[in-house]
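Take the sequence shown: its letters are residues -23 to -1, 1 to 438, numbered as in mature numbering (1 follows the signal peptide of the UniProt record, and there is no 0).
Backbone N, C-alpha and C fix where the C-beta goes; we use that ideal spot for every residue, glycine too.
In this text, all values refer to a predicted model and were calculated from it rather than measured experimentally.
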Amino acid sequence: MSITRRTLLVGAGAGAVGLLLSACTPEPQPAPTRTRTPMPRPTAPEAVPAPAGWLRSTWATDPYSHGSTSYLPAGADPTERQRLAEPVLDRLFFAGEATDSDHPGTLVGAVDDARRAALALISASDDTERLAIVGAGAAGVIAARMLADAGHEVTLFEAREHIGGRIRSIADDEQWPIPPQLGAWLLSEADLASLDGRLVDLGDRSLALDTATTWNAEGETEGLDGAPIAQAVEKAQAQASDAAITDALAANGADLDDPALSASLAWMAAMTGADPSRASSWYPPHFPGDGVHGMIGDLDAYLGDQLEGVKVATASPVARIAYDDRGVSLRLGTGEALSYDRVIVTAPLGVLQKQGIEFAPALPFSHRGAIAALASGFIETAWMRFDEAFWTTEATIWHVAGGDALIRTWLNLQPFTGEPVLVGLVGGADAERFAELSERDATAAARASLAFFAAPADDEG
Ligand SMILES: Cc1cc2nc3c(=O)[nH]c(=O)nc-3n(C[C@H](O)[C@H](O)[C@H](O)COP(=O)(O)OP(=O)(O)OC[C@H]3O[C@@H](n4cnc5c(N)ncnc54)[C@H](O)[C@@H]3O)c2cc1C
């Protein structure tokens, strides 16, 4: 059954972080017309052909991200983000998705928060000051643009050889009909509209993924039902202490081994990075609202358009940040040290947690407490292009229910591109496992995860 409507639950409590998850309520409609007699699907990876094109992300093991998004684990609350966002001596300003309170963990959050930090810095400084930004992801680029527009000279230091951070498009016309996106590209309609023109000029370069199907070993089955999660969270929000989402489900009598429930949790994790066995019920993870829209094109290049007039130093990891009430010194990985009046730090939460940058003196307790209290979420993605389609469904979002698939969410781009391209999304602890696999094992895991969708060889006609 196709999911035709998604209703969203809003986290309880004033100022709750945001939206929880799709309740995925199917509208009453006739049972789908089956074109084939139901029969057990093949489950061996060989049932799915080897891809002609393959790309995947490994954000979990990347030293310049150590994760994909931030979220609140059970017991943490949104004030942690505000504490991390507090300027230190009016010299160091933190910004990015982890310090945004309204849309944390998202591109919209990163962009909004960059504006907040840039405005705070502008009001603390005069236009003769030397300014720097650490990190050229969405937040760093937007902050740099604002400071440059306000007449400041600003230098942007980026550890990688390219800008974009957790936005990563691979432009390769020969291999792919559209540039694979290894980082963020999926947004709610409202978030897409909010970013268009602010982050990138999209024009009509987006696509709507708005038809979903769920498959198990026997073929197409009932759509996902987020209601058990929504109910468990609602009950947990009335309790005296916070509980992780899976604990809330267990307390509410849910069967965590139920294939439909685990597919719903996998969908939530793939879209938010949050591990349901850690994520707070009181402040459940943000979920991109009704329907998912994909930004297409070379997003890194669009982002680069924002950097006219900004000095950009790529392949320049900042190893140490020394600060006092007179200024900030950045020491690069090369050993070079440079002095600035004020600095915005947009390095991801995972980098701060793993102490990828040394601060001298150590950051105030409240900042260190906030860094420790927030959780790094994981999302990984696998792009696969096949010589020909081995599937029969035209739905654009596929869920895998049951079995032992590592990747339980797939996007079918064939309806848009005309070419057999599938995109796997995996979140939470499974994403960490996926990132650690060798290329060979990762490809095998992806193929095995698609086995339910492969037409059996003797099922022609
Ligand atoms: C696979 C994946 C899917 C996602 N899906 C979505 C989605 O669908 N929708 C959505 O809204 N969000 C999504 N996100 C989250 C989104 O990508 C982030 O919220 C956003 O891009 C964060 O921007 P940022 O500028 O805060 O951080 P980043 O983009 O990570 O930028 C930080 C920059 O700092 C650099 N850096 C790190 N250490 C150093 C150092 N020592 N010195 C100098 N530079 C350093 C990094 O290289 C990076 O470029 C996804 C993320 C991933 C990984």
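- Considered as a whole, the region 323 to 363 harbours 335 to 337, 352 to 354, 356 to 362 as its complete beta strand (DSSP E) runs of no fewer than 3 residues, in chain order.
- With respect to the 8 Å criterion, His43 and Lys288 are not classified as neighbours on the basis of their beta carbons.
- Rounded to whole angstroms, the Cβ separation of Phe411 and Val400 is 14 Å, and the two are not in contact under 8 Å.
- Taking a C-beta distance under 8 Å as the contact criterion, Ala51 and Asp252 do not qualify as a contact pair.
- Residues of the same chain with a CB within less than 8 Å of the CB of Asp318, apart from the 5 flanking positions on each side, are Arg68, Ser102, Glu106, Arg107, Leu108, Gly304, Val305 in chain order.
- Boundaries of the beta strand (DSSP E) harbouring Glu130: 130 to 134, taken from the DSSP string.
- With a cut-off of 7 Å, the C-beta of Arg182 is classified as distant from ligand 1, since no heavy atom of the ligand falls inside that distance.
- Boundaries around Tyr48 are those of the beta strand (DSSP E), 46 to 48, since no alpha helix (DSSP H) includes it.
- Using a Cβ distance threshold of 8 Å, Trp192 and Ala421 do not count as a contacting pair.
- Within a 10 Å sphere around the beta-carbon of Pro156 sit 16 or more other beta-carbons, which makes this residue buried.
- Inside the region 49 to 123, DSSP marks whole beta strand (DSSP E) runs of 3 or more residues at positions 69 to 71, 107 to 111, from first to last along the chain.
- Of all C-beta pairs linking the region 332 to 349 to the region 362 to 378, fewer than three are shorter than 8 Å, placing the two stretches out of contact.
- For the pair Ser78 and Ala24, the Cα-to-Cα distance works out to about 45 Å.
- Secondary structure at Glu138: coil, using DSSP grouped into helix, strand and coil.
- If you draw a straight line from the Cα of Leu388 to the Cα of Phe355, it comes to about 18 Å.
- Under the criterion of beta carbons closer than 8 Å, Ser254 and Leu201 do not qualify as touching, at roughly 19 Å.
- Contact between Pro81 and Phe363 fails: their C-beta atoms lie close to 36 Å from each other, not under 8 Å.
- In this structure, Thr76 sits near Arg58, with a CB-CB distance shorter than 8 Å.
- Runs of beta strand (DSSP E) with 3 or more residues, each lying fully within the region 143 to 203, are found at 183 to 186, 189 to 193, 196 to 198, listed in chain order.
- Using a 10 angstroms sphere on the CB of Gly114, the tally of other CB atoms reaches 16 or more, which defines it as buried.
- Closest in alpha carbon position to Ala292, among Ser47, Ile99, Gly112, Arg33, is Gly112.
- Distances between the C-beta of Arg137 and the heavy atoms of ligand 1 include at least one below 7 Å.
- Segment contact: the region 210 to 226 against the region 117 to 127, fewer than three CB-CB distances shorter than 8 Å; contact not assigned.
- Between Ile222 and the set Pro236, Ile206, Ala215, the nearest pair of CA atoms involves Ile206.
- Within the region 379 to 410, the alpha helix (DSSP H) runs of at least 4 residues that lie entirely inside it are, in chain order, 391 to 394.
- Gly312: not part of any beta strand (DSSP E); DSSP gives it neither H nor E.
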